[in-house]
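Residue numbers (the numbering used here), protein chains in the order written: chain C, 1 to 185; chain W, 186 to 388; chain H, 389 to 723; chain E, 724 to 1356. Glycine included, each C-beta is placed from N, C-alpha and C at the ideal position.
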C-alpha cells in the first residue's frame, strides 16, 4: 500500500510541479526583446508550421499562466471582438476551426503579428509573457489544455461553464473571419 | 491495590434491547443530529442568499410541483411500513419483518427514481446562478440521506433474508425505521423551502 | 489609567524608534481616532487591573501557609460555603463589568459609526495590490482618479466609499479611524475627520494575496486651501513634455506595453487596469508604498518590478537600455 | 436462537481472569495486528503521537516565518512560499494538531475514566484515525509538492475562489477539511455514546470526572459546529470545480456567506480546543492541590454554558465587514458575556488552589502558567469583543498575540501539563521532573517573549499575514525580539521531546497511581492491560480512589471469551445490558483508503464521487457484514 501511495504521490508530484509553479519573473535572458519562436513563418494557405518552442507545456500546463491569460483577455479587451470565446466581430475561439492555426505557438504568433481583417498586432502593446499567457488561455477555451490547469469560473457573470468543462475541440485548419470583421478597413 | 470480591453479578443482564437502551441507537441519533445540522446550514445558506437578493429566485421559475408532491406523499406513505417494521421487530416476528423490509426497499427505490425527476423539475441548472447552486446543493444533501437509508435498508434486508436474524438484528431494524422518520422530518423543511418558498416569498 | 497611558506612550515610541509614518493606533490624529484610543485605554486599565488582582490572589493562595493533613476529602463545610459565596459574587462582578464595558463600547460605536454629514466623498477601490482613489464631485470636470496617495483637507468630514475590484481588502489608516473591509459586490462606508495636517500611513489589513504586505496607503492631510490647490492641479491633464528627453520618454511610454495598463490624461495612454499616472511625480511613493519615489527607485521599479514586488501585475517590460532615461525624464515631469 | 454464553468471569482466580481477558481483548502482534487493532488505547496513542508530529511540522513552519520576519525587507522566503507557510501553520495547528490531540486524549482516557473496556464503536474509531492520518499526510505532501494552500487557514473567498486561486492548492485544503472533520465527527459520536452508555455502574451524572464532562460538551460542539465548515468547504469546492455560484456576487452569491459559515464553525472551534483543556486543568489542579475541585457543579454548568455561548459569537470575527451596527453590538455583548462562565472556572480553580495543599510538580506548573496566560488572553479577548476597538486591532499582530495567548496559554500549556500527568498511565514511565521544570521555565519565558511584544506590534500598526515590512516602520527590533523568543520556545519543545524519548528508553517503573489521584483511570495498570480493568469497578463516589482506599468494589458476570462491555443507563448508570464489542478488523483501514481515494479524486474530477461510491459501498457492507457463525458484531 505504501508503495502504491508513493507512486501515486510521485505521479501527482510530476503533474503538480508544472501546474502549480508561479514564476512571475521570467528570466530576462530567455525572455528577450525578440520573440522566442519564429513568428512570421506562417503564410495563410501554405508554408510550414513553426517548430515547437517547447514552451507549450510550460504555459498550457500551468494553472497560474492560464489564469493570468484569462485576466488579460478581459483587461486588454480581447473580448471586445471575440466576446467570451464565442466570437463576435472576431472569429470564435471556442470552436475547432482555426484560420491561422490553433497551436499555442500559432496563436502567440497571431496575437504578436496581428492578422488581416481586423486583428491588430499586439507587438509592443503587451509583453511576450503576457502574450504567451493569453494564448494559453485561448487554448483552454477549446479545452485544449490539461483540465487541472484550466481556470474555474470568474467572480462575474459567466456566459459559459468553466473552461475545464467545455467540450474538447482539437484544432483543425479552416474557418473564416466573420462578415462583420471583413468589412473594408 | 487489593480488591474486595465482586459486589454485584451482571450475568443475568440481557445482551440487546430496543431503543435508547442500546449504544447503536444513540449512534444513529447522533448521526441524525449531525446530518440535521448540515442540512440546517444548507437551508440557512438558502435563506441568507434569498434575503440578500431582492429578485429571488433570480431568473428561474419556481420548481414544478408534481414530483415534489409525489415525493412527499411517498415519504408519508413509508411511515406505515416503517412503523409496522419497528413494531414487529420489537416482537421479533421474523416473517413480518422480512416482508416489511422488502416493502421499504421498494419504496426507497421508487423514492430515488422520483428524486431523479425532481432534479429535472427544478427549472434551473446548478451553475446558472447562486439560486441554482443552493437548491441543487440542498436537494443533493437530502438525496444522500435517502440513498444512505436505502443502502442501510437493503443491508438489513439482506441480513434478514440470509438468516442473520439473531436478536440484535431486530434492533437494527428499529434503527432503520428511526432513520426513515428522520428522512421524512428532514424532507419537510426542504420541501417547503425548495417548492413553496419561491412561490410565497416576496421581499 | 492616565499614568499607564503616559507610560505606554513613552515606551512604545522608543520601541518603535525610527517610525516616521505614524501608523499607530495609539497616536491618533482626529476625533474618531481619539475616541478609539480612549476606549482602548479605558478597557486596558480596567482589564489590566483585573488581571493583576487575579494574579495577586493566585500568588497569595499558592504561598499562604495552611494546616497539615493528608486526607484530600477532609473539607471544611464552612470554608466551602464561603468560597461559594465569593465565587458567586465574583461571577456577578464579572457580569457587571463586561456588561458595563459593552455599554461603554456601544456608546463609542454609536458615535463613531452613525452616518453624519457626508462632507468630502471619495470612492476607494481596492485592487491586487494598490488602491484606486476616485475624487467625486457633482461637476464632472472636477472628478479625477489617482492612486495610493490620498490628499484630504483637515477639519472637514470625510466619507470614504469602499469597494473592491477583485478580492477582499481592508482600508486602514490607524491614526485616523478603524479599518473597514472593501468587499467585491458590496460598498462599505467609513467616515472620519482629520485635525492635524501631516502624513499618515496605512495599509491593507485583510490578507489579499501574494503582495498583501506591499499595499500601503498614504494620507496627506492639508489645510483646505492647500487641498483645494492640489485638487485643481490634479484635475488638469498631464504636463506636456518640454525637453527632448521628456518627449522621447512619452514616445517610449506610448510604444511599449506601459500604455496598455496606465492612463496619462492628455495623452493617448488610456489603460485602466493599472494606477493612473497623470500626476505621478506629485506622489511620494511607488508601487503602493513599496519604494520611495526617487529617480533611482523608479528605474529599479520599471526594470525589475517582479524583483521588487514579486507577483505584482506590473510585468517585466524589456526596454532598450537607451530608452530608460528618457522614460524616467518624462515620468518625473508628471507633476 | 440460543445464545452461546461463553465463559463468565464469576469465580475465576485473579491471575486466570487477567490472562483470559488479555487474550480476548488483546491485539495481535506484527503488522497485521497493528493495522487491524480497534483498541482505544493503541488508536489513542497513535492519535497523540501523530498530532504531536504535526505540532512539530507546524512549529517548523512558524520558525521559518519568524526567520523571515526577524528583520525588515528580508528576502529569505518568497511571498508565495510565505503564504503557503502561514496557511500550513494555521491549518496544521488548528485542524491537524489542536482538535485531534484533544480528541486523542478523549479516545485514550475517557473509556478508562468512566471504567469501561473499550470506546463505543471502536471500529469507527480506528477508521477515524486512518482518515485523519491520510488527510494530514495529504496536505503536507501537497505542500512539499508546491500545492500547499496559500490563502490562510480561513481561506476567505474570493481570494480562495476559482478566479484568484488557480491550480489545485485550495482544493487540497478544502478536502483536508473534509478529512479532518469526518474523523472529528466520528470521535465526537464515540465519546458521547461512551459517556452516555458505557459508564461504570454507579457513576451517575454527578460523579463524572470533570475532564469527561469537558470532553462530552466538546463532542456536542463538534457535532454541531463541524458540519458548518464542511458545508462551506463543499460549497467552495463546488464553486471551484463545477463553476457553481455560492460566493459569486455577480450571480446572486455572496462572499460573506463563506465568512458566516466559516466562523460559525470557527468560533466554537476555539472552544472545542479550549474546553478539553479546562478539563485537564481541573484534573491537575485537583490532584496536585490534594482536594476535590472546588465547585464541581459550577464547573460543569460553566462548561455547558461555554459550549452553548460559543455558538453565539461568530460575528466578532467580522466586525470590519460592514455589518449592521446594532447587530454587531449584540455580538459585543455575547462575546463579552462568555467571560462570565470562563471567569467562574478561573475562580473555582483559584479557590481550589487557595484551599488545597499545592504540590508544584510539572503538571501543576503548567496549570498555573495556564491561569496566568489564559486570563491575560481572555481579557484581551474582551477588548476584541468591542466593535470600535476591534476595528483598530483586527487583523493586526495584536490579534495574533491574543489568540496565541488563549490557544497556547489556554490549551497547549494544559495539554503539556496533562501529558506530564498522564504519561505514566500511557507508558508506564514517569517523565523526568527536573527536565520538566526546565521545560516549563523555558516554555513560559519563550512563550511570553514571543507573544507579548506582538501586542505592541499590533498597536504599532503591523498587520497580520505580511511576509515583510518596511525598514523605516520601526517594527524591526521588536520582531527580532519575537523571533528570539520563538527560538527559545522551540527549544523548550525540543527539551520536551528529549524528556519523552529518554523516558521511553527506560524500563517501565511507574506505579499504577503515582500521583495518588482519585480517578478510575488510575485504578488500571500503568500502562493499562488490553481489557483496561480485570473487573468493572462499581462507583460509589465522585472520587473513587480517594474514598475507597481499601480497594474498589467491582462487578462480575461478564464474559471472558467474547468482548463484552457493560451498558448502563444514562442518568444513574444502572447496569442494563452486556453488549458485545467488536473485534479487530482490517475493514476500517480499507474503508479509510477508499474514502481517501474518493476525497482526493474529487479534487480533480466530480466523477470521482461516482467512481468511488461503488467500492465505498462494497467496503462498508463488508465491514458490517457478520463474519462469525456466532453473531458478535
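Inter-residue Cα distance where the pair is residue 1249 (chain E) and residue 1149 (chain E): For residue 1249 (chain E) and residue 1149 (chain E), the distance between alpha carbons rounds to 7 angstroms.
Is it a yes or a no for the region 312–329 of chain W touching the region 283–295 of chain W, going by three-plus beta-carbon pairs under 8 angstroms? With a cut-off of 8 angstroms on Cβ pairs, the region 312–329 of chain W is not in contact with the region 283–295 of chain W, counting fewer than three such pairs.
Does residue 366 (chain W) come within less than 9 angstroms of chain E when only Cβ atoms are used? Nearest CB-CB separation between residue 366 (chain W) and chain E: not below the 9 angstroms threshold.
Between residue 892 (chain E) and chain C, is the shortest Cβ-Cβ distance under 9 angstroms, so that the two count as touching? It does: the Cβ of residue 892 (chain E) has a partner Cβ on chain C nearer than 9 angstroms.
Buried versus exposed, by CB contacts within 10 Å (16 or more), residue 454 (chain H): Classified as exposed, residue 454 (chain H) has fewer than 16 neighbouring CB atoms from the shown chains inside 10 Å of its CB.
Quick one: grab the DSSP three-state call for residue 1104 (chain E). Reduced to three states, the DSSP call for residue 1104 (chain E) is helix.
Contacts around residue 384 (chain W), its chain only, beta-carbon distance under 8 angstroms, and the 5 residues preceding and following it disregarded: 247.
In chain order, what residues of the same chain lie with their CB nearer than 6 angstroms to the CB of residue 177 (chain W), ignoring the 5 residues before and after it? The shown model of chain W, from 186 to 388, leaves out residue 177 (chain W), and the question about it has no answer.
Taking 8 angstroms as the cut-off, does the CB of residue 1073 (chain E) come closer than this to any heavy atom belonging to the ligand GTP? No copy of the ligand GTP occurs in the structure displayed, which carries no ligand at all.
For residue 261 (chain W), is the classification buried or exposed, using 16 other Cβ atoms within 10 angstroms of its Cβ as the cut-off for buried? With fewer than 16 other CB atoms across the displayed protein chains lying within 10 angstroms of its CB, residue 261 (chain W) is exposed.
Helix, strand or coil, according to DSSP, for residue 586 (chain H) in the structure here? Correct three-state label for residue 586 (chain H): strand.
For residue 874 (chain E), decide whether its Cβ has a neighbour in chain C, counting only Cβ atoms nearer than 9 angstroms. Not one chain C Cβ lies under 9 angstroms of residue 874 (chain E).
Going by C-alpha to C-alpha distance, which of E:1287, E:1139, E:1347, E:1296 sits closest to residue 196 (chain W)? With distances taken between Cα atoms, residue 196 (chain W) lies closest to E:1287.
For a contact meaning CB atoms closer than 8 angstroms, what does residue 157 (chain C) contact in chain E? Correct list: 973, 974.
Give me the chain W residues within the contact set of residue 915 (chain E), using Cβ-Cβ distance strictly less than 8 angstroms, ordered along the chain. Within 8 angstroms Cβ-Cβ: 211, 215.
What separation, rounded to the nearest whole angstrom, lies between the Cα atoms of residue 1335 (chain E) and residue 305 (chain W)? Between residue 1335 (chain E) and residue 305 (chain W), the alpha-carbon positions lie close to 24 angstroms from each other.
For the region 844–892 of chain E, which segments carrying the alpha helix (DSSP H) assignment without a break, of at least 4 residues, lie completely within its bounds, in sequence order? If we require 4 residues or more, the alpha helix (DSSP H) runs fully inside the region 844–892 of chain E come out as 845–867.
For residue 1239 (chain E), return the contacting residues in chain W, with the cut-off set at a CB-CB distance below 7 angstroms. The premise fails here: residue 1239 (chain E) is roughly 12 angstroms from chain W at the closest Cβ pair, so nothing lies under 7 angstroms.
Residue 807 (chain E) versus E:763, E:838, E:892, residue with shortest Cα-Cα distance: Checking every option, the nearest Cα to that of residue 807 (chain E) belongs to E:892.
Between which two residues does the beta strand (DSSP E) harbouring residue 791 (chain E) extend? Note, residue 791 (chain E): premise wrong, no beta strand (DSSP E); alpha helix (DSSP H) at 763–792.
Which word fits residue 421 (chain H), buried or exposed, when buried means at least 16 other C-beta atoms lie within 10 angstroms of its C-beta? Label assigned to residue 421 (chain H): buried.
Limits of the alpha helix (DSSP H) - the one that residue 1008 (chain E) falls within: From DSSP, the alpha helix (DSSP H) with residue 1008 (chain E) extends over 978–1012.
Would you mind giving the Cβ-Cβ distance between residue 876 (chain E) and residue 810 (chain E), rounded to the nearest angstrom? I have them listed as a contact below 8 angstroms. The Cβ separation is near 6 angstroms, so the contact holds.
Are the C-beta atoms of residue 941 (chain E) and some chain C residue less than 9 angstroms apart? Not closer than 9 angstroms to any Cβ of chain C, the Cβ of residue 941 (chain E) fails to qualify, so no.
Members of the region 429–442 of chain H that neighbour chain E once the beta carbon cut-off is set at 8 angstroms: Listed in sequence order: 431, 432, 435, 436, 438, 439, 442.
Are residue 1297 (chain E) and residue 932 (chain E) closer than 9 angstroms when you measure CB to CB? No, the Cβ-Cβ distance between residue 1297 (chain E) and residue 932 (chain E) is not below 9 angstroms.
Hey, is the region 372–380 of chain W in contact with the region 219–231 of chain W, meaning 3+ C-beta pairs nearer than 8 angstroms? Flag = yes, the region 372–380 of chain W and the region 219–231 of chain W touch.
Minimum Cβ-Cβ distance from residue 957 (chain E) to chain W less than 9 angstroms: It does; some Cβ of chain W falls within 9 angstroms.
Here's a check: name, in chain order, each residue in its chain whose Cβ is nearer than 8 angstroms to the Cβ of residue 575 (chain H), leaving out the five neighbours to either side. Excluding positions up to five away in sequence, the list reads 549, 550, 551.
Buried or exposed: residue 204 (chain W), going by 16 or more other Cβ atoms within 10 Å of its Cβ? By the neighbour-count criterion, in which 16 or more other beta carbons inside 10 Å mark a residue as buried, residue 204 (chain W) falls on the exposed side.
Same chain only: Cβ atoms within 8 angstroms of residue 344 (chain W), ignoring 5 sequence neighbours per side: By the criterion of a C-beta distance shorter than 8 angstroms, residue 344 (chain W) is surrounded in its chain by 350, 354, 357, once the five residues flanking it on both sides are discounted.
So, with DSSP's three-state summary, where would you put residue 123 (chain C)? Residue 123 (chain C) falls in the strand class under three-state DSSP.
Give the interface partners of residue 161 (chain C) over in chain E, defined as CB-CB distance under 9 angstroms, in chain order. 965, 966, listed in chain order.
Any 3 or more C-beta pairs closer than 8 angstroms across the region 938–951 of chain E and the region 900–918 of chain E: Taking one beta carbon from each stretch, the region 938–951 of chain E and the region 900–918 of chain E have 3 or more pairs nearer than 8 angstroms; the two touch.
Spatial neighbours of residue 299 (chain W) within its chain, please: C-beta separation below 8 angstroms, excluding the five flanking residues on both sides. Closer than 8 angstroms at the Cβ level, and outside the excluded window around residue 299 (chain W), lie 252, 255, 256, 259.
Beta-carbon of residue 796 (chain E) versus every beta-carbon of chain A: anything under 9 angstroms? Among the chains of the structure shown, chain A does not appear; the protein chains present are C, W, H and E.
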